[in-house]
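Numbering (the working numbering), first residue to last: 873 to 1199.
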């Protein structure tokens, strides 16, 4: 009986994630094609197929394995971006950041889109969630802020291949403790500059493209970006297939490479070359392969810049298609 109940719960969780992922795919279509065009039955069927495939991608698989809520948080951010009401957008991002800190980077999207009220309100809501926690569970909140906040090692080894951030890459290359934060700081500056130039290469109406730049930047510069945090790869692949640069050289190739990387699960494969999660992948040459998501994200930034300079921006026409006027 216990076994049946266990599998029943597992199926329920998987179904919930499937519904959340389908919502993510549909909102991606709406942002790129316009809500009226996206209502076409063709795109509904395609969304089902994307969801079915996406459920087997490594970020979603590991999200299910670890009992995480990354897909749900991505859905909250997508709904916030789609909404034109500043208070709805700010509320959703603030709550998401209160649940798990990583979605807080979405506030930068509102700044990039000059939605300053939404950005400010998301910060207010986030600190409000901290305040509520302080009132309801004061001891736990105090302990977290004093002892755990900013301590990346408390949730796992930062040098593990599962940590697909620049900080993890720096540790895997064995940089001395005396210089690790200096090297990381330089790498963060490089990532920020690359993201800024990529953002400037996009049109202001390309909401999904701008959001992806922000989210990829957050994944790169965060001290810890576990592979299950990279659920944003599915919206990225959708943007490459349907987005304004989909007709540019390299779009399909990048979509295929990214899709293969997450379907195979490169960090998962490399993890078999770690004796434990607390040791670095061996032999050392595999450290270079462990850069897969970091290099992939920076490649996307570079490709965006190239497309912005070489091609025009196009989206399928529709009654409410977004404006893609240049910045």
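Yeah, the Cβ is synthetic: ideal placement off N, Cα and C, and Gly gets one too.
State the CB to CB distance for the pair residue i and residue j, rounded to an integer number of angstroms; the pair is presumed to be in contact (CB under 8 Å).
{"i": "residue 998", "j": "residue 976", "result": "6 Å"}
{"i": "residue 1067", "j": "residue 1085", "result": "5 Å"}
{"i": "residue 1071", "j": "residue 984", "result": "6 Å"}
{"i": "residue 946", "j": "residue 932", "result": "The pair is not a contact, with the Cβ atoms about 10 Å apart (cut-off 8 Å)."}
{"i": "residue 1039", "j": "residue 1030", "result": "6 Å"}
{"i": "residue 1001", "j": "residue 970", "result": "3 Å"}
{"i": "residue 910", "j": "residue 898", "result": "7 Å"}
To which residues of the same chain is residue i closer than 6 Å at the C-beta, ignoring the five residues directly before and after it?
{"i": "residue 1191", "result": "Residue placement at residue 1191 is flagged as unreliable, the pLDDT there being 39, under the threshold of 50; a coordinate-derived value is accordingly withheld."}
{"i": "residue 1137", "result": "930"}
{"i": "residue 915", "result": "901"}
Please classify residue i: does DSSP put it in a helix, a strand, or coil?
{"i": "residue 1035", "result": "strand"}
{"i": "residue 975", "result": "helix"}
{"i": "residue 957", "result": "coil"}
{"i": "residue 1047", "result": "coil"}
{"i": "residue 906", "result": "coil"}
{"i": "residue 1005", "result": "helix"}
{"i": "residue 1075", "result": "coil"}
{"i": "residue 892", "result": "helix"}
{"i": "residue 1086", "result": "helix"}
{"i": "residue 1030", "result": "coil"}
Could you name the residues of the same chain whose beta carbon sits closer than 7 Å to that of residue i, not counting the 5 residues immediately before and after it, in chain order?
{"i": "residue 958", "result": "987, 989, 990 and 993"}
{"i": "residue 1131", "result": "1109"}
{"i": "residue 1098", "result": "1034 and 1035"}
{"i": "residue 965", "result": "949, 952, 975, 978, 979 and 994"}
{"i": "residue 1107", "result": "896, 900, 1080 and 1084"}
Excluding the 5 residues preceding and the 5 following residue i in the sequence, name in chain order all residues of the same chain whose CB lies nearer than 8 Å to its CB.
{"i": "residue 1181", "result": "1073"}
{"i": "residue 891", "result": "none"}
{"i": "residue 889", "result": "927, 932, 935, 936, 943 and 944"}
Requested in this report: Please list the segments of the alpha helix (DSSP H) lying wholly inside the region 1132-1194, counting only runs of 4 or more residues, in order along the chain.
Outcome: 1138-1143, 1158-1161 and 1164-1182
Query raised in the report: Can you list the alpha helix (DSSP H) stretches of 4 or more residues lying completely in the region 1094-1135, in chain order?
Result: 1105-1114
**Report entry** the region 1145-1156 contacting the region 1054-1074, beta-carbon criterion three pairs below 8 Å
**Finding:** no
Query raised in the report: Pairing CB atoms from the region 1087-1098 with CB atoms from the region 1158-1170, are three or more of them under 8 Å?
Result: yes
Requested in this report: Could you tell me whether the region 1112-1122 touches the region 1005-1012, using the rule of 3 or more Cβ pairs below 8 Å?
Outcome: no
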